[in-house]
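According to the numbering used here, the sequence shown is numbered sequentially starting from -12.
Beneath this line is the structure, given in structure tokens, with notes to follow.
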Amino acid sequence: MANEIQKPDPRALAKLLRIMLGPEEEWDDTAAGLVLELHGINSDEAPARLVKMIEREIRNRERRGEDIPSSFREVLSGLRSEHQVSEGLREPKARMEQMFIVGTVPLDSSSSQVTQMFHRRAKKLSKHDEDILKELSDELISIPRSNRRVHHGARTERLMGGSASLSASPADFAQALVQFLDLQAPFELDNRILLENGLDLRDVPALGFDGALLRRPGEARGIIAVRDTIPERGSRKFTIAHEIGHYVMPGHDVDCSVCRAEDVGVLKTRVAKIEQAANEFAAEFLLPAREVKKILNQRGTSMATCKFISKKFRTSLTAAAVRCVELTDSTAAVIESRKGVRWRFRRSDRWKYFLKTGEPLGSKSLAKYLSPQGEKEKEGRVPVWTWVWTEQTWELYEHSILMPQYDSILTFLTEP
Ligand SMILES: [Zn+2]
């Protein structure tokens, strides 16, 4: 689509920019990014280059015995934490190569039996679910050993040095896997993609878990089992991505091979660290921050944008809404309500108001008036106090949608 836009006359453009952007100190991120791009500078790459330049300058000054201004280190640490892209991806990329080219996984545990993998969790599972997993694990053990490493002996030696640490973030691992598999979003997580990488996908009649990962110790080989009654394609996809996260990230090989419904999903905040990591992996894998941010800049932060993103990346609306709230620069919050009660929420960095869960829906909220028999979607201005603990009287913009498959309501709140 972008190709259809004609290149403007440079003089007209300069005039337009002067009017639109105003003085430099008033530029926001979009304006600064545009100016850089017009100068042929990719603003996404600029921070990584700046890091390298500052590092070089520090080295030079150290060599000459000169003082290093404290601002150098401050800027550097700020940039590093924000833009770990180039550094952070090195380790995940090496792990992907090791897993998917060499075919081995550095073990973080000494277990030798697949069955031990879910033993700890299995105690909490019903006999029914345990039997499902037992059957799959027996099948996995009986698969003949992979011979992939035979073809890549030379690479094996180079890559076998030491197992990966946990310094890279879950998002780094997601990005590394997308690059390694050469996936273009949106993609479906079908059996073909998984099988090529040693994973088999099974829909199982589980009752007590949403997803499970069974793996052959030390080998890039496993089975992902997904509950066959997950009500929506987008949620099923998120569950599979969550299990892939356990599969590729170091440190996930024992503790979590069985993931309960409470563990999987983007709105889950109070879950074990390892589950949180798998959820972060899945969010970045399916909804890449870079692309979602771009869309938010173009279309603004609204439920309409969430719908657009969920369609484009083929995820659930909830996953898209949570991702928007996580990544937006605006004031926004997403709330899920069940049975007329606010159940859980996620807010953006700029959202400073107090949102309480466990409270009934406010009488002036639009969400309160949605029902399967009546209206299923409503949007408009509402008094702030109907959602937020305050005595102030200004208004919020609410957009609420009934999600019949979950028996819940998804609400997106912004400042009008
Ligand atoms: Zn999990």
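Don't be surprised by glycine CBs; every beta carbon is placed ideally from N, CA and C.
Here the structure is a predicted model, which is why all the values come from computation and not from measurement.
Round the Cβ separation of residue i and residue j to the nearest angstrom and send it over; I've been treating them as touching at under 8 Å.
i: I217; j: L181; result: With 8 Å as the limit, I217 and L181 do not qualify as a contact, their Cβ atoms being about 17 Å apart.
i: S335; j: S317; result: 6 Å
i: L353; j: K365; result: 4 Å
i: I388; j: K363; result: 7 Å
i: V279; j: I296; result: 6 Å
i: E230; j: G198; result: 5 Å
i: G90; j: A207; result: 5 Å
i: E323; j: L254; result: 6 Å
i: Q162; j: L76; result: 6 Å
i: R301; j: T292; result: Contact flag wrong, Cβ pair sits at about 16 Å.
i: V245; j: R214; result: Actually they do not touch by this definition, with Cβ atoms about 11 Å apart.
i: E385; j: L397; result: That pair is no contact at about 11 Å.
i: G232; j: P157; result: 6 Å
i: F225; j: L273; result: 7 Å
i: L188; j: N178; result: 5 Å
i: I55; j: R48; result: 5 Å
i: V369; j: Q379; result: Not a contact, Cβ separation roughly 13 Å.
As a quick exercise: from the options, pick the residue whose alpha carbon is nearest that of residue i.
i: A155; options: E313, M236 and I396; result: M236
i: A265; options: S289, H239, E278 and P275; result: H239
i: K294; options: V375, K280, K281 and C311; result: C311
i: V328; options: L342, I128, A161 and T315; result: L342
i: K121; options: K224, L200, E183 and F300; result: L200
i: S64; options: D54, I88, K39 and G52; result: K39
i: E126; options: L8, L186 and A158; result: L186
i: P275; options: K299, R214 and R(-2); result: K299
i: S113; options: F87, R60 and L194; result: L194
i: S129; options: R202, Q85 and V92; result: R202
i: W376; options: P391, M390 and T344; result: T344
i: T315; options: R333, L4 and K326; result: R333
i: T305; options: T373, L348, R223 and E346; result: R223
i: Y393; options: T373, S303, Q379 and V371; result: S303
i: E61; options: E49, R51, R50 and I45; result: I45
i: Y340; options: W330, V92, A307 and E402; result: E402
i: E219; options: M390, K326, D159 and L164; result: M390
i: V309; options: R337, R277, K281 and A270; result: A270
i: E183; options: A248, M86, P359 and M290; result: M86
i: Q166; options: P131, E84 and G209; result: E84
i: F59; options: G221, L25 and R43; result: R43
i: R408; options: T288, W381, H115 and F160; result: Absent from the model: residue 408. The displayed extent of the chain is -12 to 403, so no value can be given.
Tell me whether residue i counts as near ligand 1, meaning its Cβ is closer than 7 Å to at least one heavy atom of that ligand.
i: V191; result: no
i: C246; result: yes
i: D250; result: yes
i: E271; result: no
i: A1; result: no
i: R267; result: Looking at the sequence shown, residue 267 is not Arg but Glu. Because no heavy atom of ligand 1 lies under 7 Å away, the Cβ of E267 does not count as near it: no.
i: H229; result: yes
i: H233; result: yes
Give me the DSSP bridge partner(s) of residue i.
i: V369; result: L383
i: C246; result: G198
i: E323; result: R331 and L397
i: I388; result: E364 and L397
i: E262; result: Answer by DSSP bridge pairing: none, since E262 is not bridged.
i: A212; result: R189 and A199
i: P237; result: According to DSSP, which records beta bridges pairwise, P237 is partnered with nothing at all.
i: P157; result: For P157, which the question treats as bridged, DSSP gives no partner whatsoever.
i: P347; result: V328
i: E206; result: T91
Return yes when the C-beta of residue i is under 7 Å from any heavy atom of ligand 2, and no when it is not.
i: E262; result: The model on display carries ligand 1 but not ligand 2.
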